[in-house]
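Residue numbers (full-length UniProt numbering), protein chains in the order written: chain A, 1 to 257; chain B, 1 to 70.
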């Protein structure tokens, strides 16, 4: 197995994941997004005499129809992110294969996908959850973007550092204590960062039920994305590992003749 | 107990040398970061290029994948 094998399998897994995430986001995510846009338009209709025809944020900007945004636009987004994440997860898996205790390639790949979901999607979501249209002040977008990606970076770096630490501690401490120590170290870092970093609350009078439905749909979309990357990649890595084993056995046999 | 294990339990787990992995990782990470930037943050906090076409096109994905949109 080479870096190339992992990357190709990761890109394939990412495409599947992007498509699966699109199906989930389109099915359960679009209803709350449409409800949120209805809230946004009714509130801006109070402010302006004329209600805007479509959903757009700049007076003379390009308007993409809601139909295109919820189908081709959404698919573009999920496929791009899926492929990018799939490749990155696969290369990370290539880096840890054979380096975490005695985990087989499929097991260490599954572990990478799980750590990736927790540190890149779940933990950032818990501090800075996804917000539907109409929630969020356009004037603070720069600050909110910085906080979100800053917290994501802290979580990701901490997760990588703790995984490397765990692989070093494993021979001396054993699996059980190593997992506890690494998990505790990661939690100390992210909980401390979450406590120190400012909270964003721009919900205002947005309906709570729609907000909950949207956020649940968003987290389900992210879980689908990461879950599909993990499952497909583990399957492909397992197959590649088996093929490599068969190949080396055949070569050994040929050499012994 | 150990006799019951049929296959060699100490089978080699392959590793990939880091110096072999690094160029793939660097190249793909750069590409992936650019891709993620355009979908997740472009024409929000920073605009390259200016306008709102990319923002509008990936609008729903940006909201539903948890990125700050507007």
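Glycine residues also receive a C-beta, built at the ideal position from the N, C-alpha and C atoms.
No experiment lies behind these values; they were computed from the predicted model shown.
message = Let me check understanding here. Comparing Cα to Cα, which of 5(A), 173(A), 20(A) lies closest to residue 65(B)?
response = 20(A)
inquiry  = For residue 174(A), count the other beta carbons within 10 Å of its own beta carbon; 16 or more makes it buried, fewer makes it exposed. Which is it?
reply    = exposed
inquiry  = Looking at residue 45(B): is its Cβ nearer than 8 Å to the Cβ of residue 199(A)?
reply    = no
query = Going by DSSP, what residues sit across from residue 46(B) in a beta bridge?
reply = 42(B)
message = At the 8 Å Cβ level, is residue 61(A) part of the contact set with chain B, yes or no?
response = yes
inquiry  = Using a Cβ-Cβ cutoff of less than 6 Å, which residues in the same chain neighbour residue 189(A) once the five nearest sequence positions on both sides are dropped?
reply    = 158
C-beta neighbour in chain A for residue 36(B), strict 8 Å = yes
query = How many whole angstroms separate the CB atoms of residue 74(A) and residue 38(A), which I take to be in contact at a CB cut-off of 8 Å?
reply = With 8 Å as the limit, residue 74(A) and residue 38(A) do not qualify as a contact, their Cβ atoms being about 18 Å apart.
Among 78(A), 168(A), 251(A), 116(A), nearest to residue 99(A) - alpha-carbon criterion = 168(A)
message = For residue 86(A) and residue 233(A), which I take to be in contact (beta-carbon distance under 8 Å), what is that distance rounded to the nearest angstrom?
response = 7 Å
query = Is the Cβ of residue 53(A) closer than 8 Å to any Cβ of chain B?
reply = In this predicted model, residue 53(A) has a pLDDT of only 46, less than 50, meaning its place in the structure is not dependable enough to derive any value.
query = Contact check, residue 77(A) vs residue 62(B) under 8 Å by CB: the rounded distance?
reply = 6 Å
query = Listed from N- to C-terminal order along the chain, which residues in the stretch 119-145 of chain A have their beta-carbon within a distance smaller than 8 Å of any beta-carbon of chain B?
reply = 121, 124, 125, 128, 129, 130, 131, 132, 133, 136, 138, 141, 142, 144, 145
key: Contact between the stretch 108-127 of chain A and the stretch 52-59 of chain B (3+ Cβ pairs under 8 Å)   = no
task = Could you say if the stretch 209-219 of chain A and the stretch 1-10 of chain A meet the contact criterion of at least three C-beta pairs nearer than 8 Å?
result = no
task = Could you round the C-beta distance between residue 36(B) and residue 12(A) to whole angstroms and report it? I think they count as a contact, below 8 Å.
result = Contact flag wrong, Cβ pair sits at about 19 Å.
ask   = Is residue 15(A) closer than 8 Å to residue 88(A) when the C-beta atoms are compared?
value = no
request  = Please name the residue in 10(A), 6(A), 5(A) whose C-alpha comes closest to that of residue 228(A).
outcome  = 10(A)
key: 8 Å Cβ cutoff, residue 42(B) in contact with chain A   = no
key: Contacts around residue 272(A), its chain only, beta-carbon distance under 8 Å, and the 5 residues preceding and following it disregarded   = As shown, chain A starts at 1 and ends at 257. That puts residue 272(A) outside it, with no answer to give.
query = Helix or strand or just coil, what does DSSP make of residue 202(A)?
reply = coil
query = Under a Cβ-count criterion, where at least 16 other Cβ atoms within 10 Å of its own Cβ denotes burial, should residue 106(A) be classed as buried or exposed?
reply = buried
message = Counting only beta-carbon separations shorter than 8 Å, does residue 105(A) have a partner in chain B?
response = yes
request  = For residue 14(B), decide whether its Cβ has a neighbour in chain A, counting only Cβ atoms nearer than 8 Å.
outcome  = yes
query = Rounded to a whole number of angstroms, what is the C-alpha to C-alpha distance between residue 170(A) and residue 179(A)?
reply = 9 Å
task = Show which residues of chain C have a CB atom less than 9 Å away from the CB atom of residue 1(A).
result = The structure shown has no chain C; the protein chains it does contain are A and B.
query = Closer than 7 Å: is that where the CB of residue 44(B) sits relative to any heavy atom of the ligand NAP?
reply = The ligand NAP is absent from the structure shown, which contains no ligands of any kind.
Where residue 67(A) falls, given that 16 or more other Cβ within 10 Å makes a residue buried = exposed
query = For residue 93(A) versus residue 226(A), is the C-beta distance shorter than 8 Å?
reply = no
query = Unbroken alpha helix (DSSP H) runs of length 4 or more, entirely within the stretch 176-236 of chain A: which are they?
reply = none
Simplified DSSP state of residue 12(B), which is helix, strand or coil = coil
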